[in-house]
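Input: a single structure, listed below in structure tokens.
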Amino acid sequence: ATFDYDSHYWSDKNQYNIPGGRTGFDSQETKLPTYWNTPFSKICLGMKISGQLRFIVFNKQANSPHSLIADDAALGNEWKKLIGAQGSLQLNCNKEGFNAVGIARIGYVANQQNDCLSCNSRIGFGTRGGSNTCGNVAALSPDNGDRNIKAMG
12 ATFDYDSHYW
22 SDKNQYNIPG
32 GRTGFDSQET
42 KLPTYWNTPF
52 SKICLGMKIS
62 GQLRFIVFNK
72 QANSPHSLIA
82 DDAALGNEWK
92 KLIGAQGSLQ
102 LNCNKEGFNA
112 VGIARIGYVA
122 NQQNDCLSCN
132 SRIGFGTRGG
142 SNTCGNVAAL
152 SPDNGDRNIK
162 AMG
């Protein structure tokens, strides 16, 4: 998985598959120089699951998406909108943002216990654990059943 949580692409300033950035929202992964050199005041995140595109927008000002990777910024609880009716998360921990609990580069993580030591559910991009690095994983008593929904985002 090119963009799993531990991938060097999150922290370096190396481009990846520039032609993939010209093909629209398809299944080609890409990382463009805009990741480290474009300031913004809003960020739009999108996922595609079974051909269905969903987006959420957060008001967040930063020098670049890259500059936020070290930031533990909170974004708001809109994450299930990316997954749709099948979205599922556990009820505790509830951390969101950039580098959330060392499990999601950009995302939301949750746990069935009242801590964030062993989170078993997440919605996000660049996530750690298994082969699902973008989408929704939920286990151990999540609110809408166990899930392993892979997305392109």
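Convert by adding 11 to the 1-based position in the sequence shown; the result is the number in our numbering.
Just so you know, even glycine gets a beta-carbon here, dropped at the ideal spot from N, CA and C.
Computed from a prediction, not measured in an experiment: that's the story for all the values here.
Separation of residue j from residue i, as counted between CA atoms
i    : j    : result
C127 : A121 : 7 Å
G113 : R139 : 8 Å
R116 : R133 : 11 Å
T41  : C55  : 16 Å
A96  : G135 : 16 Å
L93  : I29  : 25 Å
I160 : N131 : 14 Å
S129 : C104 : 10 Å
P50  : Q72  : 8 Å
For residue i, the residue or residues it bridges with in DSSP
i    : result
V148 : R133 and N159
V120 : K106 and R133
A96  : According to DSSP, which records beta bridges pairwise, A96 is partnered with nothing at all.
F69  : I54
T138 : A115
Nearest-angstrom Cβ-Cβ length linking residue i and residue j, presumed shorter than 8 Å
i    : j    : result
H77  : W47  : 4 Å
L154 : L102 : Note that residue 154 is Asp in the sequence shown, not Leu. That belief holds up - the Cβ atoms of D154 and L102 are roughly 6 Å apart, short of 8 Å.
N70  : K53  : 6 Å
I60  : G146 : 7 Å
G137 : F14  : 5 Å
Cutoff 9 Å: residue i Cβ touching any chain B Cβ
i    : result
N131 : In the structure shown, chain B cannot be found, because there is only a single protein chain.
Length-filtered (3 minimum) beta strand (DSSP E) runs lying within the segment 23-66: 51-60
Three-pair Cβ contact test at 8 Å for the segment 21-40 versus the segment 147-161: no
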